[in-house]
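Novice: There's a structure below that I have some questions on.
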Amino acid sequence: MSAEYTIVVMDRSFKLSRSQIEFDSPNFFTSYFNAPGQITPRKLELSRDPYLFLIILRYLNGYRLLPLHPTLVPPYCTLDSTLADLRADAQFYQLSGLSALLASQNLEEDQLVFRYIEVAGSFATDPSSELEPSEDFDKVITGFSLKRSTEQQYRTVSKDKNFLTVPEKMDDGVRARFYTGLLNERIVRGVLQRDGLIAHVNHWELLGWTKSYPDEYSRQVSILVKIWAKPGLIINGSNDI
């Protein structure tokens, strides 16, 4: 039976096998657990980030890590800060292969171009709640389309008093806007997936949105997004991105 090791990162416990800790070795784990001339320990406690360790665990399982999927980004980080913190952890854990992989990501990002897109549409709402659609989310996505936008359009719209952005922190005064931002992120991801673009987009930034209510049972939304992708991405039959 393969040896099993417990790694506690802050308050979260992870079980790793010998094959996992020896992936990309020698490293911090093999130095600790396989140190010669001592009783082999079975537990290690660390004051590192458990969210980042989940990503590193995927790497130790041999899974493809890059491009990093937005759902793996910790809730308090951006994609850029997550990659920067991963580089720091790769050095801490002495994972030379992961460090090289993340360094290659830097080279790829230098080749990315960014463009502005607009995701616009409408969906049915429940008059008693402004936060959630009243219909299945797959149906919500069918009511939205994606088209190219421009920085000038963003700058113009962002000056409108009705242009909303995700608040930097959540408190009672902006709670509804915070959750609306999460819903809009989900809509953007759903549209990119539906249109077959999600695999070609490295990452994106939700810039903000405007909304209106044609009637008490529907909401119309226009979401402006900045995306980073390799040149040649085709949107609506055009590959000028």
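Just so we're aligned: the sequence shown equals residues -11 to 229 in this note's numbering.
By construction, the Cβ of each residue, glycine as well, lies at the ideal position given by its N, Cα and C atoms.
Keep in mind that this is a model prediction, so the values were computed, not measured.
Mind checking which residues open and close the alpha helix (DSSP H) that includes Y104?
Specialist: First-last for Y104: 101 to 114, but that is the beta strand (DSSP E), not the alpha helix (DSSP H).
Novice: Taking the alpha carbon of P38 as the reference point, which residue from K218, T70, P55, T18 has its own alpha carbon closest?
Specialist: Nearest option by C-alpha distance: T70.
Novice: Tell me the rounded alpha-carbon separation between N22 and E173.
Specialist: Rounded to the nearest whole angstrom, the C-alpha separation of N22 and E173 is 44 Å.
Novice: Give the single residue among L40, E33, L45, R36 whose Cα lies nearest to the Cα of I9.
Specialist: Residue L45 is the option with its Cα nearest to I9.
Novice: Would you mind working out which of K147, S146, F166 sits nearest P155, comparing C-alpha positions?
Specialist: Considering only alpha carbons, the answer is F166.
Novice: Kindly indicate which three-state DSSP category F132 falls into: helix, strand or coil?
Specialist: strand
Novice: With distance defined between alpha-carbon atoms, name the residue in Q181, P55, L60 nearest to S92.
Specialist: P55
Novice: Check whether the Cβ atoms of F16 and G50 lie closer than 8 Å to each other.
Specialist: no
Novice: Which of helix, strand or coil does DSSP assign to R30?
Specialist: coil
Novice: So which of V176, P29, F2 has the shortest CA-CA distance to F125?
Specialist: Of the candidates V176, P29, F2, the residue whose Cα lies closest to the Cα of F125 is V176.
Novice: In terms of DSSP beta bridges, what is D203 paired with?
Specialist: S206
Novice: Between which two residues does the alpha helix (DSSP H) holding L180 run?
Specialist: 163 to 182
Novice: Which residue's Cα is closest to the Cα of Q79: R182, S137, T59, S13?
Specialist: S13
Novice: Leaving aside the five residues before and after F2 along the sequence, list all residues of the same chain whose C-beta is less than 6 Å from its C-beta, in chain order.
Specialist: I(-5)
Novice: Pop quiz: L221 and S137 are said to be a contact at Cβ under 8 Å. What is the actual Cβ separation, rounded to whole angstroms?
Specialist: At roughly 14 Å, the Cβ-Cβ gap does not stay under 8 Å, so L221 and S137 are not in contact.
Novice: Would you check if there are 3 or more beta carbon pairs closer than 8 Å linking the stretch 180 to 187 to the stretch 79 to 90?
Specialist: no
Novice: Just how far apart, CA to CA, sit G178 and I129?
Specialist: In a straight line, the C-alpha of G178 is about 6 Å away from that of I129.
Novice: What is the DSSP secondary structure of V145, counted as helix, strand or coil?
Specialist: helix
Novice: Under the three-state reduction of DSSP, which class applies to E139: helix, strand or coil?
Specialist: helix
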